[in-house]
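Undergrad: According to the working numbering, the sequence shown is numbered sequentially starting from 122.
By construction, the Cβ of each residue, glycine as well, lies at the ideal position given by its N, Cα and C atoms.
The following block contains the structure, expressed as structure tokens.
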Amino acid sequence: MNLTVIVIHNKKGQKQMTRVLGFIFLLYPFLILAQTAFEFAMQKRHLDKHYLIEYRQNNIVKITQRESGKFKYVNISDLGTKFDKITDDQVFDLINEDTTQYNWKYQRRSYIPVSSIYGYPLVIGDFNHNGKTDFAGSYINGPGLSKSAIVELYEDTTYTVKIYTDSVENTLSETDVDKDGLTEINFRRNQWFDNYECTNPDSFPDSLMFSHRMWEWSASVSGETFKDLDRDGITDVLYTGDDTLQPWGQKVYVAEYDTILKHFVQKFRYAPPEWNLYLFSTGDFDEDGFQEFVTGTIHGDVYVWENTGNDSYQFVFGDTISAPNAYLTCATNDIDQNGRPEFFVGGSAYYYGIPASRVYWFEADGNNHYRKRWSIFLLGTDVLGNTVLYNHDVDKDKKDELVFCFSYVVVILKWNRAGYFDLFYLDWWENWDQEIQCVNVHTIFNDQMPSLFVGIRDYLKTLETKSIYYSPGFHTSIIDPSDNKIRDFILYQNYPNPFNSSTTIKFQMKTSSFVNLVLHDITGKEVIRLIDNGKYYPGEHSISWDGRDQTGKEVSTGIYYYSLQSGSFRETRKLVLLR
């Protein structure tokens, strides 16, 4: 049997997307080596022109942005041989998904000449209090030092630009650390961040107040998070960096604004066992009145620290996930409405040369203890470039969605009342000479729904940053398909899953209807038809499967898919059989 691969080109020859038919590639454990996939991706995306690549031991590479010096370590091992052990609750094949069914949700409107970079979101607000929306980000227009700028956007899509000429390269956060009511923006400048404040309420932040040095050694700082972590009314900043003290390697720091010295002072330093860290999530996840912060590592470690008092923090929980490069993380606001907030940690890797991401949902099951509540697997994401996860309420239903930013694809997942994620939005970028840098969701011009902002970096035009913004084309009332009265059934996850001898599949009918329930293997071949055009009445129903095909023969260990179809609606879920 041959692996079937189709490469699609658009009219301009810009978009090249490898579409893999089904999951046939799972059967070929040695099809593409990690090194081959890595080198192909580097050449295809021109990353070797803009990034310095250093090979380290055990399939670890260091990727350094040539202009800024910012770097991260990436594990490029191929995990294809472990793919058959996947037991994720949901799998999304982004490569073969038809993106045209999502195009109506956002319509491209215009662009602004700033973007954040390296996954940091744009800082958005009304900085000069004139009723207009302002965007602070990186402003790159040709070779030379990176700059930052503020763009003020008007309803006719025109804008004005204020450029900062002090070599500040990226925006981090809006604050008011001295509590004087004047807006501040914190800009990244190499190992420093600079705090600029408005000189008066109707000006942009234009006065440098102080600078804070985040590292003193040959490391790269990341994860800068401005928040009152110990709830003493004073702003803290959480980040990773390095210093000249033992042990070597990146460490976790918390600094707090000193109201007397008028700058930040380091309060906490911790050297974790694995020092390749990147981003943080924060929140009171076990709801004990003390905030936690969470991060993931290059090897899939998950670390949780908790505030234990004024300027005091303690490592309280550790776990691992089955994904390297665990740099995807965000916190959400109880999206399943069970009374407990969540945090997500995920990582990206190659599977037979194809990039994919696995993300885990964590939830507290006791004080300072967390369990994996759910997992999702997204096929066709990214490993080398930007891999960032944000939390945004894209439809104003007061529940966060998961918004993924990969170098060439934007993905939004929405948790529905039926108890699983819907693929709410998917967009593959059309130009391989541009790389997505960040994604923001923000309401402008008194619109009913938030707009989508996709920040990019254009490498073909001698380096240029801009953010494309899209107007929403949907309303809250039509977002959640599980709430749509047209759909007349709910399909639940089978239990147990994985299973050995027998599993039960439940579904709920809202109206009387004829249904089909069919199982397929990973190649798409029908295994058994559990329900063949049977009539079912309103209520909950269940049917068991004993792991046999239509002829009564036992099927082998592996991943299978069961689909329930009623009228014009069909829903598919995954199950795993382990002999």
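Comparing alpha-carbon positions, which option in SER328, ILE216, LEU329 and SER236 lies nearest ASN561?
TA: Residue numbering aside, residue 561 sits at position 440 when the sequence shown is read from its first letter. Comparing Cα-Cα distances from ASN561 to each of SER328, ILE216, LEU329 and SER236, the minimum goes to SER236.
Undergrad: Just to confirm my understanding: we take THR220, look at its own chain, exclude 5 residues before and 5 after, and list those with CB closer than 7 Å. What are they?
TA: Stepping through the sequence shown from its first residue, residue 220 is reached at position 99. These residues qualify, in order along the chain: LEU547, ASP548 and TRP549.
Undergrad: Measure the alpha-carbon distance for GLN108 versus ALA270 and round it to whole angstroms.
TA: This structure cannot settle anything about residue 108, because the visible part of the chain is limited to 122 through 700.
Undergrad: With a threshold of 16 other CB atoms inside 10 Å of the CB of THR624, please say whether the residue is buried or exposed.
TA: For the purposes of this step, residue 624 is identified with residue 503 of the sequence shown, where counting begins at 1. Flag for THR624 reads buried.
Undergrad: Is ASP210 close to chain C, meaning its C-beta is less than 8 Å from at least one C-beta of that chain?
TA: Absent from the structure: chain C. Only one protein chain is present.
Undergrad: Would you tell me roughly how many angstroms separate the C-alpha atoms of GLU70 and SER433, rounded to the nearest one?
TA: The structure shown has nothing for residue 70, since the chain only spans 122 to 700.
Undergrad: Cutting at 6 Å between CB atoms, please list the residues of its own chain near THR278, excluding the five before and the five after it.
TA: Taking the first residue of the sequence shown as position 1, residue 278 is located at position 157. Taking C-beta separations shorter than 6 Å and ignoring five residues to either side along the sequence, the partners of THR278 in its chain run SER231, following chain order.
Undergrad: Apart from the five residues just before and just after PRO619, which ones in its own chain have a Cβ nearer than 8 Å to its Cβ?
TA: By 1-based counting over the sequence shown, the position of residue 619 is 498. Here the set comprises THR208, LEU696, VAL697, LEU698 and LEU699.
Undergrad: Spatial neighbours of LEU584 within its chain, please: C-beta separation below 6 Å, excluding the five flanking residues on both sides.
TA: Counting from 1 along the sequence shown, the entry for residue 584 is found at position 463. Around LEU584: ILE261.
Undergrad: Is it true that the CB of GLY474 sits closer than 8 Å to the CB of ALA447?
TA: By 1-based counting over the sequence shown, the position of residue 447 is 326. By 1-based counting over the sequence shown, the position of residue 474 is 353. Contact flag unset, no.
Undergrad: Smallest Cα separation from HIS662: which of PHE610, THR346, GLY688 and ASN621?
TA: Numbered from its first residue, the sequence shown carries residue 662 at position 541. Of the listed residues, the one whose Cα sits closest to HIS662 is PHE610.
Undergrad: Identify, in the order they occur along the chain, each residue of the same chain with its Cβ nearer than 6 Å to the Cβ of ASN321, setting aside the five sequence neighbours on each side.
TA: To locate residue 321, count along the sequence shown from 1; it is residue 200. If we look at ASN321 and ignore the five residues flanking it on each side, it has no Cβ neighbours.
Undergrad: Classify GLY673 as helix, strand or coil using the three-state DSSP reduction.
TA: Numbered from its first residue, the sequence shown carries residue 673 at position 552. Residue state, collapsed to three classes: coil.
Undergrad: With burial defined as no fewer than 16 other Cβ atoms inside 10 Å of the residue's Cβ, what is the status of HIS490: buried or exposed?
TA: Taking the sequence shown and counting its residues from 1, one reaches residue 490 at position 369. That one is exposed.
Undergrad: Kindly give me the distance between the Cβ atoms of PHE314 and LEU293, rounded to whole angstroms, as I take these residues to be in contact under 8 Å.
TA: Here residue 314 refers to the residue found at position 193 of the sequence shown. Here residue 293 refers to the residue found at position 172 of the sequence shown. That pair is a contact at about 6 Å.
Undergrad: For SER294, which residues does DSSP report across the bridge?
TA: On the sequence shown, residue 294 is found 173 positions in, with the first residue counted as 1. Beta bridge pairing from DSSP links SER294 with ASN307.
Undergrad: Classify GLY576: buried if its beta carbon has 16 or more other beta carbons within 10 angstroms, exposed otherwise.
TA: By 1-based counting over the sequence shown, the position of residue 576 is 455. So GLY576 counts as buried.
Undergrad: Measure the Cβ-Cβ separation of ILE184 and HIS563 and say whether it is below 8 Å.
TA: As a working note, residue 184 is residue 63 in the sequence shown. As a working note, residue 563 is residue 442 in the sequence shown. Not a contact, by the Cβ cut-off of 8 Å.
Undergrad: Tell me, which residues are paired with LYS283 by DSSP?
TA: Taking the first residue of the sequence shown as 1, we reach residue 283 at position 162. Among the bridge pairs identified by DSSP, LYS283 is matched with ILE271.
Undergrad: For the region 486–505 against the region 393–409, are there 3 or more C-beta pairs whose distance is under 8 Å?
TA: yes
Undergrad: Relative to the C-alpha of CYS526, which residue among GLU377, GLN222, PRO242 and ARG334 is closest?
TA: On the sequence shown, position 405 is the one that residue 526 refers to. For the residues GLU377, GLN222, PRO242 and ARG334, the minimum Cα distance to CYS526 belongs to PRO242.
Undergrad: By Cβ distance, which residues of its chain are closer than 6 Å to THR693, with the 5 residues on each side in sequence left out?
TA: Taking the sequence shown and counting its residues from 1, one reaches residue 693 at position 572. In the same chain as THR693, and ignoring 5 residues on each side of it, the C-beta atoms closer than 6 Å to its own belong to TYR682 and SER684, in chain order.
Undergrad: Tell me PRO326's beta-bridge partners as DSSP assigns them.
TA: Sequence index remark: in the sequence shown, residue 326 carries index 205 (1-based). According to DSSP, PRO326 bridges with CYS319.
Undergrad: Can you tell me which of the three DSSP states HIS171 falls into?
TA: The residue you call residue 171 lines up with position 50 of the sequence shown. Helix at HIS171.
Undergrad: Helix or strand or just coil, what does DSSP make of GLN435?
TA: Taking the sequence shown and counting its residues from 1, one reaches residue 435 at position 314. Looking at GLN435 - three-state DSSP - the assignment turns out to be strand.
Undergrad: Just verifying my parser: in three-state terms, what is the DSSP assignment at LYS646?
TA: Along the sequence shown, one-based indexing puts residue 646 at 525. LYS646: coil per DSSP, three-state reduction.
Undergrad: Could you check how far apart the C-beta atoms of TYR591 and SER572 are, in whole angstroms? I think they sit under 8 Å.
TA: For the purposes of this step, residue 591 is taken as residue 470 along the sequence shown, with counting starting at 1. For the purposes of this step, residue 572 is taken as residue 451 along the sequence shown, with counting starting at 1. So it is a contact: roughly 6 Å between Cβ atoms.
Undergrad: Between the Cα of PHE436 and the Cα atoms of VAL415, THR450 and GLY421, which residue gives the shortest distance?
TA: For the purposes of this step, residue 436 is taken as residue 315 along the sequence shown, with counting starting at 1. Of the candidates VAL415, THR450 and GLY421, the one whose C-alpha sits nearest the C-alpha of PHE436 is VAL415.
Undergrad: From what residue to what residue does the beta strand (DSSP E) around PRO593 run?
TA: On the sequence shown, position 472 is the one that residue 593 refers to. Unbroken beta strand (DSSP E) run through PRO593: 585–593.
Undergrad: What does THR441 pair with, by DSSP beta-bridge criteria?
TA: As a first step, residue 441 is located in the sequence shown; it is residue number 320 there, counting from the start. THR441 is bridged to ASP422.
Undergrad: Under a three-way DSSP split, which group does GLY263 fall into?
TA: Here the question's residue 263 lines up with position 142 in the sequence shown. GLY263 falls in the coil class under three-state DSSP.
Undergrad: By Cβ distance, which residues of its chain are closer than 8 Å to ARG334, with the 5 residues on each side in sequence left out?
TA: Counting from 1 along the sequence shown, the entry for residue 334 is found at position 213. These residues qualify, in order along the chain: GLN312 and TRP313.
Undergrad: Leaving out the 5 sequence neighbours to the left and right, which residues in its chain are closer than 7 Å to TRP85 when beta-carbon positions are compared?
TA: The question about residue 85 has no answer, for the chain in this structure spans 122 to 700.
Undergrad: In whole angstroms, what separates the C-alpha of LYS193 from that of GLU175?
TA: Reading the sequence shown from its first residue, position 72 is the one you call residue 193. Reading the sequence shown from its first residue, position 54 is the one you call residue 175. Roughly 11 Å separates the two Cα atoms.
Undergrad: Should SER588 and ILE284 be called a contact, given that it needs their Cβ atoms to be closer than 8 Å?
TA: Taking the first residue of the sequence shown as 1, we reach residue 588 at position 467. Taking the first residue of the sequence shown as 1, we reach residue 284 at position 163. No, Cβ-Cβ distance for SER588 and ILE284 is not below 8 Å.
Undergrad: Could you tell me the alpha carbon to alpha carbon distance between MET330 and LEU303, rounded to whole angstroms?
TA: Taking the first residue of the sequence shown as position 1, residue 330 is located at position 209. Taking the first residue of the sequence shown as position 1, residue 303 is located at position 182. Take the alpha-carbon of MET330 and the one of LEU303: they are about 12 Å apart.
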